[in-house]
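Visitor: First the structure, which I've put down as C-alpha cells, then a few questions once you've had a look.
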Amino acid sequence: MNVHDSEQMAALLAPVGYKMTDNLKLADLILLNTCSIREKAAHKVYSKLGRISKLKEQNPELIIGVGGCLAQQLGTKFHKKVGHLDFVFGTHNIYRLPQLIATIKKKRGKITEVDFHKSLNSIGVFAPPQGGAISAFVTIMQGCNNFCAYCVVPYLRGPEMSRPPEDIIEEIKKLADCGIREVTLLGQNVNSYGKTLGNGLNFASLIKKIGKISGIKRIRFTTSHPRDLSYGLINCFAEEEKLCEHIHLPVQSGSNRILALMNRGYTVEEYMQKVDHLRKIRPLISITSDIIVGFPGETQNDYQETIDMMEKIRFDSVFSFKYSERKGTAAQKLEGKVEECEKLRRLEQLQMLQDQHTLEKNTAMESSKQELLVEGKSKNSENDLMGRTSSWRIVNFKGELELIGKLVDVKISKAYLHSLRGKLIKEVGNVN
Ligand code: SAH
Ligand code: SF4
C-alpha cells in the first residue's frame, strides 16, 4: 500500500516539473513516505531524516517533507522532533502535495496537514505506470473499521470507505491502455468492499466487472480479512478465470484465546473451514498468511497451537512478525507482555518451520507446467527473464526480451526456497 502511495506522489509531482532521481545530492525535494505498523519501521525514519538533514546544509533550497502513517500519527510534533522538516502531510492529504510545495516555495515556513477528509481524493490519484511495467496496484478502498487490538491502521488511515466502481473500472481501463496486464486490488479489508456504497455491490461483483476489461489478463487482491471472506468470493476462484490462484489470508494466530484478544472475529476452526473450501474450489490455490508471535498473554501453549495450525494448513508462505506495541491500541493495555528474547525465539522457530513448508510446496511444482506473466529481466542473471506464476511464485528462465509483458508456458525444472527455475515451452498469448 505504501509503495502505491509513493507512486501516486510521483504522479502528482510530475506535472509540476519534478522527476525522480537516485542521487539524493541532486534532489530539490525529498519526500519520506513513512510506515508505523511496527516500531522498527518508525525508528528507520528518524535515522534516515538525520542523514538527510546534512544535505540541507549544502543546499538551503532543499525542501523536505514527510508523509504516511508516522506523519499522520505525529502531526505537528514531527517538526519538534526533526527541526529541518518543511512539511508534514497525512494519509488523506497526498493529493494536496503540489499545493503544499508551491506554498513553501513562495514563503518558507513549517506546514502540517493531517486532517482526515470524507473524500477519496488521495486514493483516486492516477499513477501512470513506469515504462515497461505490466503490473499495477489499484486502490479500491481507504481506511479500516476493524480495530484489531494490535493495529494502528484504523487510527492513521481513518474509517473504511469504498471507492465507487465506475472510478475503479475507469482507472483499470486506462492502465490496460498503457500496457498493464495484471492488477492488484488494494485495501485493508477488500472483502468488505461495497459496504459503505450502499448500492448492493460487493467485492465478488466488482471482480467480475473487472474480469470483463479486455487487456487485463490477471487479477489479484490484498488483503482479505478471514472473517469477511464470503463463500460468494471463494466461488469467484472457480468462476472468474482471470482471478489468480493465490489468496493472502492473514490468520495472525492459531490460538482461539489469542484471536479473541486480538479482536479478529473468527476462530481457528472457522479459518480452517474456509481454507478447506478454497482448496476444494481451486485445489492448487496458493494460501499465504501473516502471523504475529508474542502478542500480550501468548503462552507457550498458545504459541504451540499456532505451530500445530501451520502443520495442518501448510501455508505456501508466511510473513511473520514479533508483536510490536503501538501507542493508543487496545493491546497496549493488556497484561502478560512477552519478553523480547522469547518473541525472537518463537519467531525464529516459526520461520524455520515455514521455510520447510515453503520449500516442500515449491518442490511439489517440479516438472509441472506453469503459465507465467513475464515481468522483466531476472535479478539473478542478465541473461535470464523473470515471470510470476498465477500462484505468485517467481520463476527464472531463459528467453528473449520480447517476451516481457507476455504470458508464456514453462516447465519447472528446479525449486528453491524463494524462486523456481523453469524452461520455456511455448508462447501462449501475445498480449501486446
Ligand atoms: N489490513 C491487513 C494488514 C495490515 S498490516 C490485514 O488485516 O491483514 C500487515 C500485517 O502487519 C498484519 O497482518 C499483522 O500481521 C502485522 N502487524 C500489524 N500490526 C502489528 C503490530 N503491532 N505488531 C506486529 N505485527 C503487526
Ligand atoms: Fe489493522 Fe485489522 Fe484493519 Fe488489518 S483489519 S488494517 S490488521 S485493524
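So in this note's numbering, spot 332 of the sequence shown is number 375, and the numbers just go up one at a time.
We put the beta carbon where it would ideally sit given N, CA and C, even for glycine.
Have a look at P269 and P293 and give me their C-alpha separation to the nearest angstrom.
Guide: Straight-line Cα distance between these residues: approximately 7 Å.
Visitor: Looking at the structure shown, is R300 part of a helix, part of a strand, or coil, going by DSSP?
Guide: Looking at R300 - three-state DSSP - the assignment turns out to be helix.
Visitor: Give every residue of the same chain whose Cβ lies closer than 6 Å to the Cβ of K376, excluding the five residues on either side of it in the sequence, and list them in chain order.
Guide: No residues qualify anywhere along the chain.
Visitor: Rounded to the nearest angstrom, how far is the Cβ of K124 from that of L117, given a contact under 8 Å?
Guide: 7 Å between Cβ atoms; contact.
Visitor: Kindly list the residues whose CB is nearer than 7 Å to the CB of P171, restricted to its own chain and excluding five residues on each side of it in sequence; keep chain order.
Guide: These residues qualify, in order along the chain: A54, C221.
Visitor: Report the start-end ranges of each alpha helix (DSSP H) in the region 253-340 that is 4 residues or longer and not cut off at the edges.
Guide: Runs of the alpha helix (DSSP H) inside the region 253-340: 274-282, 299-304, 311-324.
Visitor: When you compare only the Cα positions, how much space is there between Q161 and Q394?
Guide: Note on identity: in this sequence residue 161 is Lys, with Gln being the wrong assignment. Computed Cα separation, rounded: 41 Å.
Visitor: Look at C187 and N232 and say whether their C-beta atoms are less than 8 Å apart.
Guide: Yes, Cβ-Cβ distance for C187 and N232 is below 8 Å.
Visitor: Should L92 be labelled buried (16 or more other beta-carbon atoms within 10 Å of its own) or exposed?
Guide: The residue in question, L92, is buried, as its Cβ has 16 or more Cβ neighbours within 10 Å.
Visitor: Closer than 7 Å: is that where the CB of N234 sits relative to any heavy atom of the ligand SF4?
Guide: No - the ligand SF4 has no heavy atom lying nearer than 7 Å to the Cβ of N234.
Visitor: Mind checking whether L244 and P202 have CB atoms under 8 Å apart?
Guide: No, Cβ-Cβ distance for L244 and P202 is not below 8 Å.
Visitor: How do the region 310-328 and the region 364-371 stand: do at least 3 beta-carbon pairs fall below 8 Å, yes or no?
Guide: In short, these stretches do not touch, since the Cβ pair count stays below three.
Visitor: At 3 residues or longer, what runs of the beta strand (DSSP E) sit wholly inside the region 73-127?
Guide: Listed in chain order, they are 106-110.
Visitor: Helix, strand or coil for V131, going by three-state DSSP, please let me know.
Guide: Reduced to three states, the DSSP call for V131 is strand.
Visitor: Is the region 177-194 close to the region 145-156, with three or more CB pairs under 8 Å?
Guide: Touching, no.
Visitor: Would you call P103 buried or exposed, if buried means 16 or more other Cβ atoms sit within 10 Å of its Cβ?
Guide: P103 should be labelled exposed.
Visitor: According to the neighbour-count rule (16 or more other Cβ atoms, all chains shown, within 10 Å of its Cβ), is R151 buried or exposed?
Guide: With fewer than 16 Cβ atoms within 10 Å of its Cβ, R151 is classed as exposed.
Visitor: Nearer than 7 Å: is that true of the beta carbon of Q115 relative to any heavy atom of the ligand ADP?
Guide: Absent from the structure shown: the ligand ADP. Ligands present: the ligand SAH and the ligand SF4.
Visitor: Confirm, please, whether the CB-CB distance from H400 to R357 is below 8 Å.
Guide: Yes, the pair counts as a contact, with Cβ atoms nearer than the cut-off.
Visitor: Near V226, what residues of its chain come up, given a Cβ to Cβ distance below 8 Å and the 5 sequence neighbours on each side ignored?
Guide: Same-chain partners within the cutoff: S178, A179, F180, V181, I215, L218, I253, I259, R261, I262, R263.
Visitor: Could you have a look at I468 and say whether DSSP puts it in helix, strand or coil?
Guide: In the structure shown, I468 sits in a strand (DSSP, three-state: E or B).
Visitor: Looking only at its chain, what residues have a beta carbon closer than 6 Å to the beta carbon of H289, apart from the 5 residues adjacent to it on each side?
Guide: Excluding positions up to five away in sequence, the list reads S329, S434, W435.
Visitor: Quick one: using the 10 Å Cβ neighbour count with 16 as the cut-off for buried, is D129 buried or exposed?
Guide: Answer is buried; the Cβ neighbour count reaches 16.
Visitor: Can you tell me whether DSSP reads K238 as helix, strand or coil?
Guide: K238 falls in the coil class under three-state DSSP.
Visitor: My understanding is that L304 touches A176, with C-beta atoms under 8 Å, so please give their C-beta distance in whole angstroms.
Guide: No, L304 and A176 are not in contact; Cβ-Cβ is about 42 Å, not under 8 Å.
Visitor: Considering just the uninterrupted stretch of the beta strand (DSSP E) at V438, what are its terminal residues?
Guide: Where V438 is concerned, the enclosing beta strand (DSSP E) stretches over 437-441.
Visitor: In angstroms with no decimal places, state the Cα-to-Cα distance between E418 and G430.
Guide: Rounded to whole angstroms, E418 to G430 spans 5 Å at the Cα level.
Visitor: Within 10 angstroms of the Cβ of V46, are there 16 or more other Cβ atoms? Answer buried if so, exposed if not.
Guide: So V46 counts as exposed.
Visitor: Who are Q173's beta bridge partners in DSSP?
Guide: According to DSSP, Q173 bridges with nothing at all.
Visitor: Could you pull the start and end residues of the beta strand (DSSP E) that S411 belongs to?
Guide: Note, S411: premise wrong, no beta strand (DSSP E); not H, not E.
Visitor: Report yes if the CB atom of S267 is closer than 8 Å to the CB atom of G237, and no otherwise.
Guide: Contact flag unset, no.
Visitor: Give the straight-line distance between the Cα atoms of N423 and T239, rounded to the nearest whole angstrom.
Guide: Going from the Cα of N423 to the Cα of T239 covers about 45 Å.
Visitor: Less than 8 Å between the C-beta atoms of N164 and Y198, yes or no?
Guide: Cβ distance not < 8 Å, so N164 and Y198 don't count as in contact.
Visitor: Which residues in the same chain have their Cβ closer than 8 Å to the Cβ of L444, if we skip the five residues on either side of it in sequence?
Guide: Same-chain partners within the cutoff: K420, L428.
Visitor: Comparing C-alpha positions only, which one of Y61, T349, D158, I223 sits nearest to S257?
Guide: Nearest option by C-alpha distance: I223.
Visitor: Can you check which of these residues, S235, F190, K255, R200, is closest to E213 by C-alpha distance?
Guide: Residue K255 is the option with its Cα nearest to E213.
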